[in-house]
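Peer 1:
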Amino acid sequence: MSAARPLIEEPVFLGSGDERLFAFLHPAAQAARGTIVMCHAFAEEKLWSHRVYVTFAREAAQAGFNVLRFDMRGEGDSALDFEQSTIETRIEDTLRAIAAAKNRWSTHDVVLVGHRLGGSIAAVAQTRAASDVRAVAIWDPILDGEDYFGQLLRSNMTTQMATQGKVTRMRDALIKAILDGEVVVVDGYGLTADLYRGIAALRLAQREELFQGPALLIEVPKGEQNAPSEPLRVLASTRPRLQLALEAEPPFWRETKQFHKRAGGFTADTLEWLNGLTT
Numbered sequence: 080m081s082a083a084r085p086l087i088e089e090p091v092f093l094g095s096g097d098e099r100l101f102a103f104l105h106p107a108a109q110a111a112r113g114t115i116v117m118c119h120a121f122a123e124e125k126l127w128s129h130r131v132y133v134t135f136a137r138e139a140a141q142a143g144f145n146v147l148r149f150d151m152r153g154e155g156d157s158a159l160d161f162e163q164s165t166i167e168t169r170i171e172d173t174l175r176a177i178a179a180a181k182n183r184w185s186t187h188d189v190v191l192v193g194h195r196l197g198g199s200i201a202a203v204a205q206t207r208a209a210s211d212v213r214a215v216a217i218w219d220p221i222l223d224g225e226d227y228f229g230q231l232l233r234s235n236m237t238t239q240m241a242t243q244g245k246v247t248r249m250r251d252a253l254i255k256a257i258l259d260g261e262v263v264v265v266d267g268y269g270l271t272a273d274l275y276r277g278i279a280a281l282r283l284a285q286r287e288e289l290f291q292g293p294a295l296l297i298e299v300p301k302g303e304q305n306a307p308s309e310p311l312r313v314l315a316s317t318r319p320r321l322q323l324a325l326e327a328e329p330p331f332w333r334e335t336k337q338f339h340k341r342a343g344g345f346t347a348d349t350l351e352w353l354n355g356l357t358t
């Protein structure tokens, strides 16, 4: 086995102007065994997860994988304001990141590792990237985008209670307002009609083209759950190359009392699965 090299991290911009993506390249610290493109979570969840992503990229590079992590447009240091971005721009950005990774490390197939809504985007991007993507892994997958959007709106209702002493607009009223052209703010991020429609359309269990190749879905158990949930089991029953795992990972993608630097369970499961792909 080749000796490990010192870790190198290179910030780069892909493209320019309204197309510009900010990315970090993490070359493998030893003879490369594959290439990973990371797809981050959405809005505030991305913010709280940033340190975990950095740690995972470094650990994967140390384990022999090239890693490209990037900011989708509308978030981080990439182009566009948040309200200008859509699910489609995020899918396009993922495809551009895949192409950049292939160009930089030309001899290795790409594996997408996505978190939360970023995992949904990765799954769709894989179907469009054809042979450029070998497999996809998703941390805490979101199967139903409509339900996820409703979860986002709960934060707005909490803000209503804090500022007005009562909730004056419930979920359905907020969605109607968004579809009528209002930008509804959740945790400082403006949710638009285009974002709502794009997220609501991400119903992974209903899309037969997804997860036909190697895939790993790592679920976070709820309550006393000790096995993958029924929706995931049903999904896996028709996709023989889909693997399921369960990890009681703390919700580092939310504001918690503890600062989370790494996701030990997600990382271990993902690297073990990747090792299986490369042997």
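Using the working numbering, count along the sequence shown one by one with no gaps and you end on 358. For each residue, glycine too, the CB sits at the ideal point set by N, CA and C.
What is the DSSP secondary structure of residue 113, reduced to helix, strand or coil?
Peer 2: Indexing the sequence shown from 1 puts residue 113 at position 34. Residue 113: strand per DSSP, three-state reduction.
Peer 1: Could you give the DSSP three-state label for residue 127: helix, strand or coil?
Peer 2: Position 48 of the sequence shown, counted from the first residue, corresponds to residue 127. Note: residue 127 maps to helix in three-state DSSP.
Peer 1: For residue 80, which residues of its own chain have a beta-carbon under 8 Å away from its beta-carbon, when the five flanking residues on both sides are left out?
Peer 2: For the purposes of this step, residue 80 is taken as the residue at position 1 of the sequence shown. Residue confidence is low: residue 80 scores 47 on pLDDT, short of 50, so the model does not pin down where it sits. Its coordinate-derived value is still stated next. Contacts found: 109 and 110.
Peer 1: Once DSSP output is grouped into helix, strand and coil, what is the label at residue 80?
Peer 2: Here the question's residue 80 lines up with position 1 in the sequence shown. Model confidence at residue 80 stands at a pLDDT of 47, short of 50, so the residue's coordinates are unreliable; what they give is reported in the following sentence. Reduced to three states, the DSSP call for residue 80 is coil.
Peer 1: Among 142, 164, 355 and 145, which one has its Cα closest to the Cα of residue 151?
Peer 2: Start at 1 with the first residue of the sequence shown, and residue 151 comes out as number 72. The shortest Cα separation from residue 151 among 142, 164, 355 and 145 belongs to 164.
Peer 1: Using C-beta distances below 7 Å, list every residue in its chain close to residue 112, excluding the 5 sequence neighbours before and after it, in chain order.
Peer 2: Against the sequence shown, residue 112 aligns to sequence position 33. The residues are 143, 144 and 357.
Peer 1: Does the pairing of the stretch 255-267 with the stretch 174-188 give three or more beta-carbon distances under 8 Å?
Peer 2: Segments in contact, no.
Peer 1: Using beta-carbon positions only, say whether residue 224 and residue 279 come within less than 8 Å of one another.
Peer 2: In the sequence shown, counting from the first residue as 1, residue 224 sits at position 145. In the sequence shown, counting from the first residue as 1, residue 279 sits at position 200. Yes. Within cutoff.
Peer 1: Tell me the DSSP secondary structure of residue 223 in three-state form.
Peer 2: Position 144 of the sequence shown, counting from 1, holds the residue named residue 223. Looking at residue 223 - three-state DSSP - the assignment turns out to be strand.
Peer 1: My guess is that residue 291 and residue 318 are in contact by the Cβ rule of under 8 Å, so how many angstroms apart are they, rounded?
Peer 2: Locating residue 291 in the sequence shown gives position 212, where the first residue counts as 1. Locating residue 318 in the sequence shown gives position 239, where the first residue counts as 1. Contact flag correct, Cβ pair sits at about 6 Å.
Peer 1: Who pairs with residue 148 in a beta bridge, going by DSSP?
Peer 2: For the purposes of this step, residue 148 is taken as the residue at position 69 of the sequence shown. Beta-bridge pairing links residue 148 to 103 and 117.
Peer 1: Using a Cβ-Cβ cutoff of less than 7 Å, which residues in the same chain neighbour residue 352 once the five nearest sequence positions on both sides are dropped?
Peer 2: In the sequence shown, counting from the first residue as 1, residue 352 sits at position 273. The answer, listed in chain order, is 216, 295 and 322.
Peer 1: Check residue 282 in the structure and name its three-state DSSP category.
Peer 2: The residue given as residue 282 occupies position 203 in the sequence shown. Three-state DSSP puts residue 282 in a strand.
Peer 1: Look at the alpha carbon of residue 160 and the alpha carbon of residue 214, and state the distance between them as a whole number of angstroms.
Peer 2: As a working note, residue 160 is residue 81 in the sequence shown. As a working note, residue 214 is residue 135 in the sequence shown. One C-alpha to the other measures close to 31 Å.
Peer 1: Counting only the same chain and skipping the five closest in sequence on each side, list residues whose C-beta sits under 7 Å from that of residue 326.
Peer 2: Working through the sequence shown from its first residue, we reach residue 326 at position 247. Excluding residues within five positions, the ones whose Cβ falls inside 7 Å are 297, 299, 344, 345 and 348.
Peer 1: Over the uninterrupted beta strand (DSSP E) stretch that includes residue 322, give me the two end residues.
Peer 2: In the sequence shown, the residue the question calls residue 322 occupies position 243. 321-325 is the extent of the beta strand (DSSP E) around residue 322.
Peer 1: When the Cα atoms are used, what is the spatial distance from residue 121 to residue 132?
Peer 2: To locate residue 121, count along the sequence shown from 1; it is residue 42. To locate residue 132, count along the sequence shown from 1; it is residue 53. Each residue's Cα considered, the two are about 13 Å apart.
Peer 1: Could you give the distance in angstroms between the alpha-carbon of residue 90 and the alpha-carbon of residue 286?
Peer 2: Your numbering for residue 90 matches position 11 in the sequence shown. Your numbering for residue 286 matches position 207 in the sequence shown. So the alpha carbons of these two residues sit roughly 35 Å apart.
Peer 1: Considering only the alpha carbon of each residue, which of 96, 166, 124 and 141 lies closest to residue 282?
Peer 2: Taking the sequence shown and counting its residues from 1, the one referred to as residue 282 is at position 203. Closest option to residue 282, Cα to Cα, is 166.
Peer 1: Within the chosen definition, does the stretch 304-317 reach the stretch 227-239 through at least 3 CB pairs nearer than 8 Å?
Peer 2: Too few Cβ pairs lie closer than 8 Å, so no.
Peer 1: Using the three-state DSSP reduction, which class does residue 218 fall into: helix, strand or coil?
Peer 2: Here residue 218 corresponds to residue number 139 of the sequence shown, with the count starting at 1. Residue 218 falls in the strand class under three-state DSSP.
Peer 1: Give the secondary structure of residue 98 by DSSP, where H, G and I count as helix, E and B as strand, and everything else as coil.
Peer 2: The count along the sequence shown starts at 1 and reaches residue 98 at position 19. Of the three classes helix, strand and coil, the one that applies to residue 98 here is helix, per DSSP.
Peer 1: Would you kindly work out how many angstroms separate the C-alpha atoms of residue 128 and residue 226, rounded to a whole number?
Peer 2: Counting from one through the sequence shown, the residue named residue 128 turns up at place 49. Counting from one through the sequence shown, the residue named residue 226 turns up at place 147. If you take the alpha carbons of residue 128 and residue 226, they lie about 21 Å apart.
Peer 1: Going by other Cβ atoms of all chains shown within 10 Å of its Cβ, with 16 needed for buried, is residue 168 buried or exposed?
Peer 2: Position 89 of the sequence shown, counted from the first residue, corresponds to residue 168. Buried is the call here.
Peer 1: Just reading off the beta strand (DSSP E) that residue 290 is part of, what are its end residues?
Peer 2: Here residue 290 corresponds to residue number 211 of the sequence shown, with the count starting at 1. Note, residue 290: premise wrong, no beta strand (DSSP E); not H, not E.
Peer 1: Using only CA atoms, which one of 254, 156 and 341 lies nearest to residue 97?
Peer 2: Residue 97 sits at position 18 when you count from the first residue of the sequence shown. Per the Cα distances, 156.
Peer 1: Per the DSSP calculation, residue 191 is bridged to which residue(s)?
Peer 2: By 1-based counting over the sequence shown, the position of residue 191 is 112. Partner(s): 116 and 215.
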